[in-house]
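Numbering (the working numbering), first residue to last: 32 to 520.
Beta carbons: idealized from backbone N, C-alpha and C, even for Gly.
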Amino acid sequence: MTLKFSRRHLAKLAGLSALGLAMPAGAAEKKGKPAPERFAPAPFPKGFVWGTATSSYQIEGATAEDGRGPSIWDTFSHTAGKIADHSNGDRANEHYHRYQEDVALIRSLGVKAYRFSIAWPRVFPEGTGTPNPKGLDFYNRLIDELLANGIEPYATLYHWDLPQALQDRVGGWLSSDTSKAFGDYAGHVAARISDRVKNIFTINEAGRFLEFGYGLGIDAPGLKLPAGELNQARHNVVLGHGLAVQAIRAVARKGTRVGPAENIATCVPAFATAENIRATELATREMNAGLLGVMLEGKYTDGFLEYAGSNAPKFTAEELKIIGSKNDFVGLNIYAPQFYIAASDRKPGWSLLPFPASFPHMNSEWLRFGPEVIYWAPKIAAKIWNIDTIYISENGTSSEDRLRDDGRIYDLDRISFLRNYLVQLQRATSEGVPVMGYFLWSLMDNFEWIYGYEKRFGLYHVDFQTQARTPKLSAAFYRDVVARNAIGP
Ligand code: BG6
Numbered sequence: 032m033t034l035k036f037s038r039r040h041l042a043k044l045a046g047l048s049a050l051g052l053a054m055p056a057g058a059a060e061k062k063g064k065p066a067p068e069r070f071a072p073a074p075f076p077k078g079f080v081w082g083t084a085t086s087s088y089q090i091e092g093a094t095a096e097d098g099r100g101p102s103i104w105d106t107f108s109h110t111a112g113k114i115a116d117h118s119n120g121d122r123a124n125e126h127y128h129r130y131q132e133d134v135a136l137i138r139s140l141g142v143k144a145y146r147f148s149i150a151w152p153r154v155f156p157e158g159t160g161t162p163n164p165k166g167l168d169f170y171n172r173l174i175d176e177l178l179a180n181g182i183e184p185y186a187t188l189y190h191w192d193l194p195q196a197l198q199d200r201v202g203g204w205l206s207s208d209t210s211k212a213f214g215d216y217a218g219h220v221a222a223r224i225s226d227r228v229k230n231i232f233t234i235n236e237a238g239r240f241l242e243f244g245y246g247l248g249i250d251a252p253g254l255k256l257p258a259g260e261l262n263q264a265r266h267n268v269v270l271g272h273g274l275a276v277q278a279i280r281a282v283a284r285k286g287t288r289v290g291p292a293e294n295i296a297t298c299v300p301a302f303a304t305a306e307n308i309r310a311t312e313l314a315t316r317e318m319n320a321g322l323l324g325v326m327l328e329g330k331y332t333d334g335f336l337e338y339a340g341s342n343a344p345k346f347t348a349e350e351l352k353i354i355g356s357k358n359d360f361v362g363l364n365i366y367a368p369q370f371y372i373a374a375s376d377r378k379p380g381w382s383l384l385p386f387p388a389s390f391p392h393m394n395s396e397w398l399r400f401g402p403e404v405i406y407w408a409p410k411i412a413a414k415i416w417n418i419d420t421i422y423i424s425e426n427g428t429s430s431e432d433r434l435r436d437d438g439r440i441y442d443l444d445r446i447s448f449l450r451n452y453l454v455q456l457q458r459a460t461s462e463g464v465p466v467m468g469y470f471l472w473s474l475m476d477n478f479e480w481i482y483g484y485e486k487r488f489g490l491y492h493v494d495f496q497t498q499a500r501t502p503k504l505s506a507a508f509y510r511d512v513v514a515r516n517a518i519g520p
């Protein structure tokens with residue numbers, strides 16, 4: 032019998048032998064050398080913080096219980112035509128009542144940190160004024176449960192559920208009254224939780240909720256503001272961040288650390304020449320000048336002000352000082368490469384390259400697959416803003432996540448995504464980029480904003496009829512990474 036090899040087989044064999052992989056087992060030892068550990072997992076730094084993340088409106092449900100006031104997301108999701116599957120967060124994951132079960136899920140992943148958010152309208156149903164003690168009672172129960180299970184709580188103060196009363200009364204973030212109210216709320220919460228919560232994120236993804244909620248009108252509160260007003264809203268948000276940092280510092284226990292969790296506009300060199308890398312640094316600074324940049328520099332760049340022209344926000348020097356209050360860390364939510372950059376001879380020295388329609392993406396169309404983004408974005412941010420402590424405050428992907436007949440979910444695309452992104456993150460930490468931790472989005476499937484329950488990002492599958500939680504294959508994958516503190520190739 033003759034064996035037939037196609038050209039493809041031959042090329043494959045040639046490739047394997049070039050890598051030294053086609054060598055018969057034991058051949059290396061015969062030559063007197065021990066076989067190298069080619070596939071040894073690459074380690075993360077000692078003490079690296081592994082966690083998962085969620086947010087209040089996306090999982091809690093119980094929207095009308097224990098005195099919670101309505102938020103702009105209750106109003107928006109109850110408005111016809113806004114949510115793909117016509118759902119809302121009224122029930123969501125019923126986490127408000129099932130939090131103990133959910134803490135057990137976190138624990139069984141082996142992670143030692145959990146990022147959750149506090150719903151402002153639970154604490155101040157009207158946004159300001161009289162607090163509702165039952166609101167914080169819930170978070171106190173959650174925090175205590177986490178600590179009892181050896182899990183460090185990382186609290187976020189604002190993950191988009193603005194009290195509706197503030198939207199109605201002052202126009203939400205269009206008014207600096209909301210910035211002040213946010214500062215007061217932050218101080219109120221920090222004074223009561225900082226005996227147990229050492230890390231507080233102020234605002235989650237200002238870039239997303241402003242662009243989508245106040246610019247495009249596709250997130251709550253559904254406004255389509257003209258450029259000038261949108262810039263003013265941006266300014267009020269970063270002012271709210273600065274006021275919150277100051278309020279927390281004034282009242283919190285010593286050792287409480289605070290910072291933003293921002294979806295940095297991610298810029299990646301088209302390919303890594305010295306010129307393209309330099310161009311990407313310049314682009315990163317300018318593309319983030321209106322939010323993360325001003326929070327970290329305490330000033331708007333000349334390029335930002337020039338581009339905004341008469342639409343630039345109105346601000347005072349005193350406000351810039353508040354906005355630039357020093358953070359203890361910077362949280363970066365990193366999913367997709369947003370811009371590939373090449374050096375250019377023309378001003379401003381860089382250009383944004385157009386995406387081919389064939390660029391790969393995950394189950395969510397917006398989530399382009401470009402693992403190198405989680406190497407470049409923190410590396411460049413650390414360099415241009417001189418940051419010494421970064422957390423990846425979110426990263427993850429949606430997947431089809433179909434429950435098979437055997438009751439399991441084989442989310443191989445999520446595993447592939449995570450493996451590739453974590454290899455790049457390890458590459459960054461091994462070069463000394465100061466990333467101290469990673470929070471995987473998300474612990475479990477949840478209310479994914481305008482997609483309702485159609486998109487699933489969880490390590491645990493949730494049946495929203497029965498509320499059954501089932502670990503996906505990726506939960507086992509992540510548990511293994513966490514246990515080794517290392518990522519295999
Ligand atoms: C981030 C948010 O933008 O991405 C999360 O902080 C969100 O709250 C996640 O769930 C996925 O986004 P989306 O739009 O696909 O639901």
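Asn-307 is classed as buried because its beta carbon has at least 16 other beta carbons within 10 Å across all chains shown. Ranking Ile-372, Ala-115, Ser-395 and Gly-380 by CA distance to the CA of Phe-386 puts Ile-372 first. In summary, Ser-424 is buried, with 16 or more beta-carbon neighbours lying within 10 Å of its beta-carbon over all protein chains present. Counting the other Cβ atoms within 10 Å of the Cβ of Thr-497 gives fewer than 16, which makes it exposed. DSSP lists Thr-187 and Gly-290 as the beta-bridge partner residues of Phe-232. The ligand BG6 approaches Trp-472 closely enough that one of its heavy atoms is under 7 Å from the residue's Cβ. Three or more Cβ pairs drawn from the stretch 212 to 224 and the stretch 186 to 199 lie within less than 8 Å of each other, which places the two stretches in contact. Taking C-beta atoms as the reference points, Asn-235 and Ala-314 fail to come closer than 8 Å.
Using a Cβ distance threshold of 8 Å, Ala-123 and Glu-91 count as a contacting pair.
Taking a C-beta distance under 8 Å as the contact criterion, Lys-503 and Asp-444 do not qualify as a contact pair. Per DSSP, Tyr-406 is one residue of the alpha helix (DSSP H) stretching across 404 to 416. By the Cβ rule, the stretch 477 to 489 does not count as touching the stretch 134 to 153, because fewer than three pairs are nearer than 8 Å.
In terms of Cα proximity to Pro-409, the closest of Ala-374, Ile-446, Phe-360 and Ser-395 is Phe-360. Cα atoms of Ser-356 and Ile-295: separation of roughly 18 Å, rounded to the nearest angstrom. In this structure, Tyr-482 has its beta carbon less than 7 Å from a heavy atom of the ligand BG6. In chain order, Ala-283, Arg-284 and Thr-287 place their CB closer than 6 Å to the CB of Ser-225, counting only its own chain and leaving out the 5 sequence neighbours on each side. Nearest neighbour of Trp-381 by Cα position, chosen from Phe-147, Pro-101, Ile-405 and Cys-298, turns out to be Cys-298. Of the candidates Thr-161, Tyr-422 and Gly-203, Gly-203 places its Cα closest to the Cα of Trp-104. For Val-228, same chain residues with a beta-carbon under 7 Å away, outside a window of 5 residues either side, are Ile-174, Pro-184 and Ala-186 in chain order. Taking a contact to require three or more Cβ pairs closer than 8 Å, the stretch 391 to 403 and the stretch 334 to 345 do not qualify as touching. Beta-bridge analysis with DSSP links Arg-500 to Val-493.
DSSP, read as helix, strand or coil, puts Phe-400 in coil.
In this structure, Thr-159 keeps its C-beta atom at 8 Å or more from the C-beta atom of Leu-188. Between the alpha carbons of Phe-75 and Asn-516 lies a distance of about 6 Å.
DSSP links Tyr-371 through a beta bridge to Val-299. Its Cα nearest to that of Tyr-422, the residue Thr-460 stands out among Thr-460, Asp-436 and His-392. Here Ser-505 carries a helix assignment [DSSP, helix/strand/coil]. Per DSSP, reduced to three states, the secondary structure at Met-467 is strand. Residue burial is scored here from C-beta neighbours: His-126 has at least 16 other C-beta atoms within 10 angstroms and is therefore classed as buried.
Taking C-beta atoms under 8 Å as the contact rule, Val-134 and Gly-82 fail to qualify, at a distance of about 13 Å. Annotation for Glu-125 indicates a beta carbon at 7 Å or more from all heavy atoms of the ligand BG6.
Counting C-beta pairs closer than 8 Å gives three or more between the stretch 317 to 333 and the stretch 266 to 283, which meets the contact rule. Here Ile-114 carries a coil assignment [DSSP, helix/strand/coil]. Counting along the chain, Thr-209 sits inside no beta strand (DSSP E); it lies in the alpha helix (DSSP H) bounded by residues 207 to 224. In the assembly as shown, Asn-342 is an exposed residue. Its beta-carbon has fewer than 16 other beta-carbons within 10 Å.
Shortest Cα-Cα distance from Phe-79 to any of Leu-453, Ala-507, Glu-485 and Val-493 involves Leu-453.
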